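What follows is a short report on a single structure.
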Amino acid sequence: MPSPSPWPPLFRVALRYGLVAGAVGFALLLILYYSNHHPFLIPVFIDYRIALLAIVFLFALRELRDYHYKGVLQFWQGLVGSFLITLIFGIVASTALYLFASYHQAFVQSYIDLSLKQVQAFTDEDINRIGRDVYEAGIASLKQADAYFLATRYFEQSVIISFFISIIISVILRRQPKP
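Quick note on our numbering: the sequence shown kicks off at 2 and runs consecutively.
Here's what the structure looks like:
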């Protein structure tokens, strides 16, 4: 049943699912951190955001298709809906992360310490492959990391991760009108 809201369903559904996903994403960040698995040291290709965003996109786009667009979801609607969800998710989770990391400096410091430990474990062959100047610049920039750096990185990674997921889910769920 359509809502009397002046906002289009694409925005309303994306807002609702994005807010929930942002809260869940931040909660998962905290769970990982307090279970001694720093969330920023998990490789991106096995990041929890892949599963979280895929599930959120699936349910949100299905709701749009089945309840708001009479069984028809075009590819562009899926992409726009997924992008809006990602933006809202990223803003909510990154803002919460920024506030948490600003208040709880041990979060940032543990990221720096654990990352330095990983980087310093590189062999000379690895360092020569990437270049000594790149290696040194990476260490120098890592020591300058702060809450803003982590929040920005989280947001950027979320957008990149969601791009590929949104294409796949949009293709799977799209239905064209029958001629």
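We treat Cβ as the ideally placed atom computed from N, Cα and C, and that holds for glycine.
Computed from a predicted structure; not experimentally measured.
Item checked: Every unbroken alpha helix (DSSP H) within the region 105 to 164, with a cutoff of 4 residues, ordered by chain -> 106 to 121, 125 to 131, 133 to 144
Checklist line | Per DSSP, cross-strand counterpart(s) of Leu74 | finding: Arg176
Margin query: I'd like to know if the region 123 to 136 and the region 55 to 65 are in contact, where contact means that at least 3 CB-CB pairs between them fall below 8 Å.
Written below: no
Notebook entry, point to check: By a C-beta neighbour count over all protein chains shown, 10 Å radius and 16 as the cutoff for buried, is Val78 buried or exposed?
Noted result: Rather than Val, the amino acid found at residue 78 in this sequence is Gln. Result: buried.
Next item on the list: Give the secondary structure of Asp67 by DSSP, where H, G and I count as helix, E and B as strand, and everything else as coil.
Entry: helix
Checklist line | 6 Å Cβ shell around Tyr49 - same chain, five flanking residues per side excluded | finding: Leu29
Note to self: Assuming Gly139 and Val93 are in contact, meaning their beta carbons sit under 8 Å apart, how far apart are those beta carbons, in whole angstroms?
What the structure shows: About 29 Å; that fails the 8 Å criterion.
Note to self: Tell me the DSSP secondary structure of Ile43 in three-state form.
What the structure shows: coil
Item checked: Rounded C-alpha distance that separates Leu53 from Arg63 -> 16 Å
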